[in-house]
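For reference, the structure discussed in these notes is given below.
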Amino acid sequence: AGKSSLISGILRLVHRSCIYGKILIDDIDISRIALNHLRSHISVIPQQPILFSGTLRYNLDPFDHYTDEQCWTALEDVQLKKFVKGHSDGLLMSIAEWGKNLSMGQCQLVCTARAILKKSKILLIDEADEGYR
1 AGKSSLISGI LRLVHRSCIY GKILIDDIDI SRIALNHLRS HISVIPQQPI
51 LFSGTLRYNL DPFDHYTDEQ CWTALEDVQL KKFVKGHSDG LLMSIAEWGK
101 NLSMGQCQLV CTARAILKKS KILLIDEADE GYR
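Numbered by the working numbering, the letters in the sequence shown go through residues 1 to 133 in order.
Structure representation (structure tokens):
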């Protein structure tokens, strides 16, 4: 209990005036870190996976920071490579908004692959295993 609240606090989704105390990461009070900088160094796998209408490649790497090879490696790491290779469009396969054309488990795995690509030192998982059941 309280995992979502903790994640909200770490990502500073709650205004500072609403909380008491501090959250420290590496002995640094996160309220003193620029919000964009803080969030850019954290990966989140939400309970409800977030996928956008577009290609799988875009959903893995929306800012085009990684090579196709790195994307394939991340897909292999989460056991999705075979599924994607079996699709005629591969990394360019279409993803419907919210991943409606994928299973919940596949959506979670895409989010996990995205987090693997980012290589953040902090990974927040909010009941991600629900989609794997």
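Just so you know, even glycine gets a beta-carbon here, dropped at the ideal spot from N, CA and C.
Following the continuous beta strand (DSSP E) through residue i, name the residue where it begins and the one where it ends.
i           : result
residue 45  : 42-45
residue 124 : 122-125
CB-CB under 6 Å to residue i, same chain, minus the five flanking residues each way: which ones, in chain order?
i           : result
residue 122 : 42
residue 125 : 45
residue 66  : 117
residue 22  : 29
Let me know if residue i comes out buried or exposed under the rule of 16 or more other beta-carbons within 10 Å of its beta-carbon.
i           : result
residue 95  : buried
residue 99  : buried
residue 131 : Only weak support is given to the placement of residue 131: the predicted model assigns it a pLDDT of 49, under 50, and the value that follows is read from those uncertain coordinates. The residue in question, residue 131, is buried, as its Cβ has 16 or more Cβ neighbours within 10 Å.
residue 133 : Because residue 133 sits at a pLDDT of 46, beneath the cut-off of 50, its placement in the model cannot be relied upon, and the following sentence gives the value as read from the coordinates. When all chains shown are included, residue 133 counts as exposed.
residue 97  : exposed
residue 18  : exposed
residue 6   : exposed
Since residue i is in the alpha helix (DSSP H), which residue starts that stretch and which ends it?
i           : result
residue 6   : 3-10
residue 104 : 104-118
residue 73  : 68-77
residue 58  : 56-60
residue 82  : 81-85
If I'm right that residue i touches residue j with Cβ under 8 Å, what's the distance once you round it to whole angstroms?
i           : j           : result
residue 12  : residue 38  : 7 Å
residue 62  : residue 111 : About 12 Å separates the two Cβ atoms, so there is no contact after all.
residue 215 : residue 106 : The requested residue 215 is not part of the displayed model; the chain covers only 1 to 133.
Are the beta-carbon atoms belonging to residue i and residue j less than 8 Å from one another?
i          : j           : result
residue 77 : residue 113 : yes
residue 35 : residue 117 : no
residue 84 : residue 56  : yes
residue 28 : residue 10  : no
residue 68 : residue 91  : yes
For residue i, which residues in the same chain have their Cβ closer than 8 Å to its Cβ, ignoring the five residues on either side in sequence?
i           : result
residue 3   : 126, 127
residue 144 : Residue 144 lies beyond the residue range present for the chain, which begins at 1 and ends at 133; the question has no answer from this structure.
Report all residues from its chain with a CB closer than 7 Å to the CB of residue i; omit the five preceding and five following residues, and keep chain order.
i           : result
residue 120 : 41, 42, 43
residue 51  : 59, 95, 98, 99, 107, 110
residue 54  : 95
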